[in-house]
Amino acid sequence: MNIFDRMMSLDRRWVFLLLVVVCAVTYIVPFQVPIRVEGEVRSIYDFIDTLKPGEIVFIAIDYDPNALAELHPMCYAVMEHCFRKNLKVIVTALSQNGPGMAEQAILNISDSLMLDREYNGVLYEGREIRNGEDYAFLGYKPYFALVILGMGQNFRIPFPTDYYGTPLDSIPMMQGVQNYDQVACVVDLSAGNITDAWISYGQGRFYFPLALGLTGVMGADYYPYLNSRQIFGLMAGLYGAAQYEEMANNPGLAKDGMRVQVYAHLVIILFILMGNIGYFMGRRDEKK
Amino acid sequence: MDFGTFLWTTLGAFLTLATFSFLYKDNPFYKLAEHLVVGVSAGYFVIILWHNALVPLLFQRLSDGDWYLLWFNSSTPWYWIPAILGAMMWTRFSRNYAWVSRWPLALYIGIATGLAVPLEMANRVNKQLYASMANIDLGNFWGQGFLDATAGYSQVIIFAGAIAGLFYFFFSKSHTGVFGGVAKFGIWILMIGFGASFGYTVMGRISLFINRVQDLGLWGEAAFNASNPNHSGWFLAVFWIMVMGVAAYIVVELVKFARAKA
Chain A
57 MNIFDRMMSL
67 DRRWVFLLLV
77 VVCAVTYIVP
87 FQVPIRVEGE
97 VRSIYDFIDT
107 LKPGEIVFIA
117 IDYDPNALAE
127 LHPMCYAVME
137 HCFRKNLKVI
147 VTALSQNGPG
157 MAEQAILNIS
167 DSLMLDREYN
177 GVLYEGREIR
187 NGEDYAFLGY
197 KPYFALVILG
207 MGQNFRIPFP
217 TDYYGTPLDS
227 IPMMQGVQNY
237 DQVACVVDLS
247 AGNITDAWIS
257 YGQGRFYFPL
267 ALGLTGVMGA
277 DYYPYLNSRQ
287 IFGLMAGLYG
297 AAQYEEMANN
307 PGLAKDGMRV
317 QVYAHLVIIL
327 FILMGNIGYF
337 MGRRDEKK
Chain B
16 MDFGTFLWTT
26 LGAFLTLATF
36 SFLYKDNPFY
46 KLAEHLVVGV
56 SAGYFVIILW
66 HNALVPLLFQ
76 RLSDGDWYLL
86 WFNSSTPWYW
96 IPAILGAMMW
106 TRFSRNYAWV
116 SRWPLALYIG
126 IATGLAVPLE
136 MANRVNKQLY
146 ASMANIDLGN
156 FWGQGFLDAT
166 AGYSQVIIFA
176 GAIAGLFYFF
186 FSKSHTGVFG
196 GVAKFGIWIL
206 MIGFGASFGY
216 TVMGRISLFI
226 NRVQDLGLWG
236 EAAFNASNPN
246 HSGWFLAVFW
256 IMVMGVAAYI
266 VVELVKFARA
276 KA
């Protein structure tokens with residue numbers, strides 16, 4: 057067996073082992089990698105950053121815990137940015153295993169907001185984020201397409217009460233808020249076909265500004281919607297989240313993970329090259 | 016540190032390692048983690064559905080009626096219609112009456128199709144066609160920076176790539192000559208698209224692993240860093256139990272391997 061045959065017949069467990077070692081080492085050793093912010097992420101940041109205090113941002117947390125790794129950093133960065141800018145936030149969780157996770161994220165962000173923080177040279181004093189005044193968590197309802205359409209008429213049709221059972225009319229920040237017309241933009245953080253429903257049944261029917269935060273797997277499929285201006289911004293995968301953290305000057309789990317990401321990719325590229333060299337050289341030997 | 020934090024974070028760390036053990040080979044720890052995920056997800060979904068859908072959207076809307084009139088005298092008695100349609104779905108469990116479930120299903124599919132066809136056509140076909148054929152921005156032809164998606168030349172690439180990709184999937188004419196050349200350009204465009212998807216997919220999978228590493232890192236911090244607010248000797252005890260478990264498993268595997276070789 058020559059070296060090229062060995063390359064082709066390498067036990068996949070060696071690949072996994074090397075990846076584990078590289079990820080563990082790069083996680084333990086503290087260093088930073090530069091993050092280049094792309095236009096599609098910058099446009100989301102700029103849109104939210106230029107909203108006036110009191111305006112409402114709708115954040116749809118449409119993912120289950122299995123996509124938490126990529127989408128939670130986006131959720132934390134965007135929501136904290138909204139609250140620091142004194143914007144109000146309506147949150148829904150239209151993925152069936154997501155509501156508990158979404159509630160936990162809101163509570164964690166509320167804790168973080170209690171502290172004074174300086175972002176991009178601006179000092180934001182810590183303050184208490186109150187349910188019903190600063191945010192409304194509407195929770196989960198089944199059949200997301202019908203829920204998205206229903207909210208276009210009135211949030212109270214699919215959500216007569218919020219996640220905690222409080223009627224929407226009793227929630228101070230929902231006074232006078234009927235539907236998407238009172239919302240500055242919708243940011244959908246999604247790990248599945250709920251994104252399609254937001255594009256077709258939401259933005260396509262009610263014409264509100266829509267931005268997407270997606271898992272890496274979905275990323276490439278949704279760039280055409282940026283070109284057609286059906287969405288005004290797109291964050292894809294951990295890199296998208298890291299870019300938002302970079303813009304907001306609020307480094308979190310995404311930026312922390314990018315150094316691991318870089319070296320893990322190098323290992324994978326190395327193995328792809330090895331596999332290809334082994335394949336082509338093996339084929340050349342066969343021809344001989 | 017409270018016992019709950021210790022218990023749940025340790026369980027998370029254990030299940031993470033149990034799941035990754037599949038990379039070596041299938042084993043009982045992986046099976047336990049797999050079945051637990053499926054069972055917990057299903058159970059959680061049922062409770063969420065009950066509290067977030069059935070109670071507020073059905074029971075509460077009928078609740079102002081009288082029970083001895085079967086709530087038909089509530090202010091919104093028409094909520095009985097979806098309730099009955101939903102109940103009809105349960106006839107699937109009977110071989111004789113399973114046909115009844117087709118009625119609510121037919122209604123649901125009919126409504127969903129009626130809603131979907133015009134909106135999907137308008138937003139996912141027509142608008143994409145318009146965007147592919149947009150005017151070329153000659154004033155900003157070279158754009159700003161490398162691979163600027165708003166630049167005029169990007170519009171040319173999108174249009175040419177879309178047409179060439181369609182050529183590749185046209186099989187009524189043999190792919191030779193100019194037609195074959197355009198089809199070949201089309202397959203290159205498709206491959207670049209698939210490559211981008213593959214790259215993003217790799218990033219996604221690595222991100223999942225990074226998250227688990229970060230989680231295990233936090234657990235390790237609580238176990239080994241005495242200044243950590245969650246530090247407890249319990250973490251260390253569990254750590255060594257897990258190490259011994261893994262060591263025992265490796266020994267068993269080595270013995271099996273040696274016997275198989277002999």
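Read top to bottom, the protein sequences are chains A and B.
All residue numbers for the first sequence refer to the working numbering, where the first residue is 57 and numbers rise by one.
All residue numbers for the second sequence refer to the working numbering, where the first residue is 16 and numbers rise by one.
Heads up, the beta-carbon is just placed ideally off N, CA and C, and yes, glycines get one too.
{"Asked": "Given that a residue counts as buried once 16 or more other Cβ atoms are within 10 Å of its Cβ, and exposed if not, what is P71(B)?", "Found": "buried"}
{"Asked": "Considering Y183(B), what are the terminal residues of the alpha helix (DSSP H) in which it resides?", "Found": "167-183"}
{"Asked": "Could you give the distance in angstroms between the alpha-carbon of D163(B) and the alpha-carbon of I84(A)?", "Found": "36 Å"}
{"Asked": "Using CA atoms only, rank isn't needed, just tell me which of E94(A), I112(A), I59(A) is closest to Q159(B).", "Found": "E94(A)"}
{"Asked": "Just checking: is the beta-carbon of T25(B) within a distance shorter than 7 Å of some beta-carbon in chain A?", "Found": "no"}
{"Asked": "Alpha carbon to alpha carbon, what distance is there between W65(B) and I227(A)?", "Found": "23 Å"}
{"Asked": "Please report the straight-line C-alpha distance between V243(A) and Y180(A), rounded to a whole angstrom.", "Found": "23 Å"}
{"Asked": "Which residues, taken in chain order from the region 298-329 of chain A, show a beta carbon closer than 8 Å to some beta carbon of chain B?", "Found": "L309, D312, G313, V316, Q317, A320, H321, I324"}
{"Asked": "Distance check for L51(B) and N150(B), CA to CA, integer angstroms please.", "Found": "54 Å"}
{"Asked": "Near F87(A), which residues of its chain fall below 8 Å by C-beta distance, leaving aside the five closest residues on each side in sequence?", "Found": "R315"}
{"Asked": "Start and end of the alpha helix (DSSP H) containing Y101(A)?", "Found": "95-105"}
{"Asked": "Span of the alpha helix (DSSP H) holding F35(B)?", "Found": "18-35"}
{"Asked": "Answer yes or no: does any C-beta atom of chain A fall closer than 7 Å to that of E135(B)?", "Found": "yes"}
{"Asked": "Given that Y215(B) touches chain A, what residues does it touch there, using C-beta distances under 7 Å?", "Found": "G272, V273, G275, A276, A292, G293"}
{"Asked": "Report the option in G293(A), R69(A), L268(A), N210(A) whose CA atom is closest to the CA atom of Y281(A).", "Found": "L268(A)"}
{"Asked": "Out of D218(A), K311(A), F288(A), state which residue places its alpha-carbon closest to the alpha-carbon of A240(A).", "Found": "F288(A)"}
{"Asked": "Count the other CB atoms, across all protein chains shown, that sit within 10 Å of the CB of F185(B); report buried if there are 16 or more and exposed otherwise.", "Found": "exposed"}
{"Asked": "Would you give the residue range spanned by the alpha helix (DSSP H) that M170(A) belongs to?", "Found": "That residue, M170(A), is in no alpha helix (DSSP H); it is neither H nor E in DSSP."}
{"Asked": "Could you tell me the distance, in whole angstroms, from the CA atom of G182(A) to the CA atom of V203(A)?", "Found": "35 Å"}
{"Asked": "Between the Cα of L233(B) and the Cα atoms of F18(B), R117(B), F250(B), which residue gives the shortest distance?", "Found": "F250(B)"}
{"Asked": "For S65(A) and chain B, any beta-carbon pair shorter than 7 Å?", "Found": "no"}
{"Asked": "If P155(A) and Y196(A) are in contact, beta carbons under 8 Å, what's the gap, nearest whole angstrom?", "Found": "4 Å"}
{"Asked": "Among the residues of its own chain, which have a CB less than 6 Å from the CB of G258(A), if the five just before and after it don't count?", "Found": "I204"}
{"Asked": "Measure the C-alpha to C-alpha separation of A57(B) and R261(A) and round it to an integer number of angstroms.", "Found": "33 Å"}
{"Asked": "Residues of chain B with CB under 8 Å from A161(A), in chain order?", "Found": "Going along chain B, no residue has its Cβ under 8 Å from A161(A), so there is no contact; the nearest lies around 14 Å."}
{"Asked": "Cβ of S284(A) less than 7 Å from any chain B Cβ?", "Found": "yes"}
{"Asked": "When DSSP labels each residue in this structure, what does M148(B) get in the three-state scheme?", "Found": "coil"}
{"Asked": "Report buried or exposed for F156(B), applying the criterion of at least 16 other Cβ atoms within 10 angstroms of its Cβ.", "Found": "exposed"}
{"Asked": "Which residues in the same chain have their Cβ closer than 8 Å to the Cβ of T251(A), if we skip the five residues on either side of it in sequence?", "Found": "D118, D244, L268, L270, M274, Y278"}
{"Asked": "Let me confirm a value: D312(A) is counted as buried when at least 16 other C-beta atoms fall within 10 Å, else exposed. Which label applies?", "Found": "buried"}
{"Asked": "Between which two residues does the alpha helix (DSSP H) carrying F254(B) extend?", "Found": "248-276"}
{"Asked": "Any heavy atom of the ligand NAD inside 6 Å of the beta-carbon of G334(A)?", "Found": "Among the components modelled here there is no ligand, and therefore nothing to report on the ligand NAD."}
{"Asked": "Beta-carbon within less than 8 Å of D105(A)'s beta-carbon, same chain only, minus the 5 sequence neighbours each way: which residues are those?", "Found": "H137, K141"}
{"Asked": "When the Cα atoms are used, what is the spatial distance from G54(B) to V97(A)?", "Found": "37 Å"}
{"Asked": "Do you know whose CA, among A320(A), A253(A), R92(A), lies nearest A127(B)'s CA?", "Found": "A253(A)"}
{"Asked": "In chain order, what residues of the region 135-159 of chain A put their CB closer than 8 Å to some CB of chain C?", "Found": "Protein chains in the displayed structure are A and B, and chain C is not among them."}
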